[in-house]
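In this text, residue positions in the sequence shown follow this note's numbering: the first is 343, and each later residue adds one. Glycine included, each C-beta is placed from N, C-alpha and C at the ideal position. Nothing here was measured: the structure is a model prediction, and the numbers come from that model. Okay, structure first, notes after.
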Amino acid sequence: MTTNMFIAGKGWLYRFDPRAKIIGLLLLCIQLFLPMRQFGLWLTVVFSLSLTIRSVGFKQSLAPLKMMLPLLIIMTLFVPLTYRDGQAMIAIGSFTIATKESLLQLSRLASRLISITYLCTLFFWTTEMSDILLSFRWYGLGYRSSLVLTLSFRFIPFIADALKMIIDSHALREANIGEKKNRKRRLADAVPTVTSALVFALKAIPNLAMSLEHRGFGRSNRRTVYHVLPSSSSLFTH
């Protein structure tokens, strides 16, 4: 359960103070929802993608895009259902597939989704989880709330990795790999996977309780810390 999203890399972003990173992340996310042309939105996408490649490498930078790909495909499939009365851009005969307004809306939503995903992921990839927790506390967030956030960021990837391993393990035990299955068969095959995931989650409860106990959760006295973020007047830079 100690999964950390931090990836050792290079670049000025690793030397940036985590408190300044949080401010920059919030400002960039807010900027995406302000009135802006399509060029500006996609320029932000290029900026976030270039920064990710520079920090963690090209291969690792493709991971967020792979996760977003199904959602982007679904958004594209719903284009013919939006803004039907606009200027037709793609049509087959008299049937309008996409209008100018629907394509602009798709471009706007896709660019915002990609930018926010890359910016948030890059923040966790280039910042130690302990520094994130201390930054939240430095901004006035309570210890319990900060603890819930940091445990969520560690526990959710841990469960996701475990679920993927369980699915792969059950797939290797199947004799009819590669055969097409009907809906009823798929539901029946999902029962062992869900059962294994539930058992794994129940077994992880003692680990979660031990982690909370080690962090002093539930104690009445004030929590003390060994590691603190230094206060400086140099715009939060090291």
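- For the 8 Å CB-CB criterion, G351 and T468 form a contact.
- As computed with DSSP, T441 is found in a beta bridge with A430.
- For K363, the enclosing alpha helix (DSSP H) has its first and last residue at P360 to Q373.
- Of the residues assessed, F478 falls on the buried side of the cut-off, its CB having 16 or more other CB atoms within 10 angstroms.
- In the structure shown, S488 adopts helical secondary structure according to DSSP, grouped into three states.
- Contact check for Q402 against I456 fails: the beta carbons are separated by 8 Å or more.
- No residue range can be given for S436, since it is assigned to no alpha helix (DSSP H) and is classified by DSSP as neither H nor E.
- The alpha-carbon of P412 is positioned some 13 Å away from that of F420.
- Taking the Cα positions, T535 is about 14 Å away from D503.
- Counted as a single uninterrupted DSSP element, the alpha helix (DSSP H) harbouring L385 occupies residues Q380 to V398.
- The C-alpha of L464 lies about 36 Å from the C-alpha of I432.
- Going by beta carbons, S449 and G428 fall outside the 8 Å limit.
- Put simply, the backbone Cα of D359 is about 26 Å away from that of L407.
- For a cut-off of 8 Å, the C-beta gap from Y460 to S390 is around 4 Å, short enough to register as a contact.
- Between the alpha carbons of K363 and L376 lies a distance of about 20 Å.
- When DSSP states are grouped into helix, strand and coil, L571 belongs to the coil group.
- If you draw a 10 Å sphere on the C-beta of T537, you find fewer than 16 other C-beta atoms in it, and that means exposed.
- Taking every protein chain shown into account, the CB of V541 has fewer than 16 other CB atoms within 10 angstroms, so this residue is exposed.
- A direct Cα-Cα distance of roughly 38 Å separates E470 from R515.
- About 6 Å separates the CB atoms of W480 and L571; that is less than 8 Å, so the two are in contact.
- Minimum Cα-Cα distance from L446 among the listed residues G353, W354, F381 and I395 corresponds to F381.
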